[in-house]
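First residue of the sequence shown: 2, per this note's numbering; consecutive thereafter.
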Amino acid sequence: MEKITSFTIDHLKLEPGVYVSRKDPIGSEMITTFDLRMTSPNDEPVMNTAEVHTIEHLGATFLRNHKDYKDRTVYFGPMGCRTGFYLLLAGDLTSRDILPLMIEMYEFIRDFKDEVPGASPKDCGNYLDMNLGMANYLAARYLDNVLYQIDDAHLVYPQ
2 MEKITSFTID
12 HLKLEPGVYV
22 SRKDPIGSEM
32 ITTFDLRMTS
42 PNDEPVMNTA
52 EVHTIEHLGA
62 TFLRNHKDYK
72 DRTVYFGPMG
82 CRTGFYLLLA
92 GDLTSRDILP
102 LMIEMYEFIR
112 DFKDEVPGAS
122 PKDCGNYLDM
132 NLGMANYLAA
142 RYLDNVLYQI
152 DDAHLVYPQ
């Protein structure tokens, strides 16, 4: 059986960044999958499920309400390894194309102080597993350490 694309990336060299994971033609549309890598795999602690869950709720809510991207957002959710998130957008896009969107989204998450959207037993199957304070912290860390100063080496997977 062939390895899937995400298992062919050298996770020993991978650092936090914004990467194009794959591009898939679906009918007449291209779907671009982005790897939003927030922590260094196998090098630093992974994110806990509560903050990952909170970032998922906030990020998905932000994207699905964004004036330019709400109709292009296919999916936003966590990686199983808890080192980042996948974002699937309609369109043939590059990592640099979505940097303004990612900065806007992570600033929204960093600054969010209200009740987490969908964090109720009626709306979510695990609504108690939330940590807004850590989600705010991790978003700020990603902005300060990665997004605000990103270079080309953190926009393309390492060889």
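C-beta atoms are modelled at their ideal positions from N, C-alpha and C, and glycine is treated no differently.
This structure is a prediction, so every number in the text was calculated from the model and none was measured.
Less than 9 Å between the C-beta atoms of residue i and residue j, yes or no?
i, j, result
"I151", "V53", "no"
"G85", "D11", "no"
"M115", "N137", "The residue you asked about is not Met; residue 115 is Asp in the sequence shown. No."
"M31", "F63", "no"
"T34", "S22", "yes"
"R97", "L156", "yes"
Can you grab the Cα-Cα spacing for the pair residue i / residue j, in whole Å?
i, j, result
"S7", "D124", "31 Å"
"L139", "E3", "34 Å"
"N127", "Q160", "38 Å"
"N132", "V117", "9 Å"
"D44", "R83", "13 Å"
"Y158", "P46", "21 Å"
"T95", "A141", "23 Å"
"L59", "L15", "25 Å"
"E57", "P79", "7 Å"
"M135", "I5", "31 Å"
"Y149", "P122", "36 Å"
Starting from the Cα of residue i, find the closest Cα among the options and give me that residue.
i, options, result
"G28", "T62, H67 and G92", "G92"
"K24", "M39, Y87, T55 and E16", "Y87"
"L144", "A154, P17, V117 and V21", "P17"
"A51", "A120, T9, K14 and V21", "A120"
"G81", "L148, L90 and R38", "R38"
"D72", "L89, P79 and L59", "L89"
"F109", "P26, I5, T74 and A61", "A61"
"T130", "Y76, T55 and T74", "Checking the sequence, you will find Asp at residue 130 rather than Thr. Checking every option, the nearest Cα to that of D130 belongs to T55."
>> Any contact between the stretch 87-104 and the stretch 64-78? By contact I mean 3 or more CB pairs, one from each, below 8 Å.
In response: A contact exists between the stretch 87-104 and the stretch 64-78.
> What residue ranges within the stretch 91-152 form continuous beta strand (DSSP E) runs of no fewer than 3 residues, ordered along the chain?
Replying inline: Taking 3 residues as the shortest admissible run, the stretch 91-152 contains no complete beta strand (DSSP E) segment at all.
> Which residue spans inside the stretch 18-78 form an unbroken beta strand (DSSP E) run of at least 3?
Replying inline: Entirely contained in the stretch 18-78, the beta strand (DSSP E) runs reaching 3 residues are, in chain order, 18-27 and 30-38.
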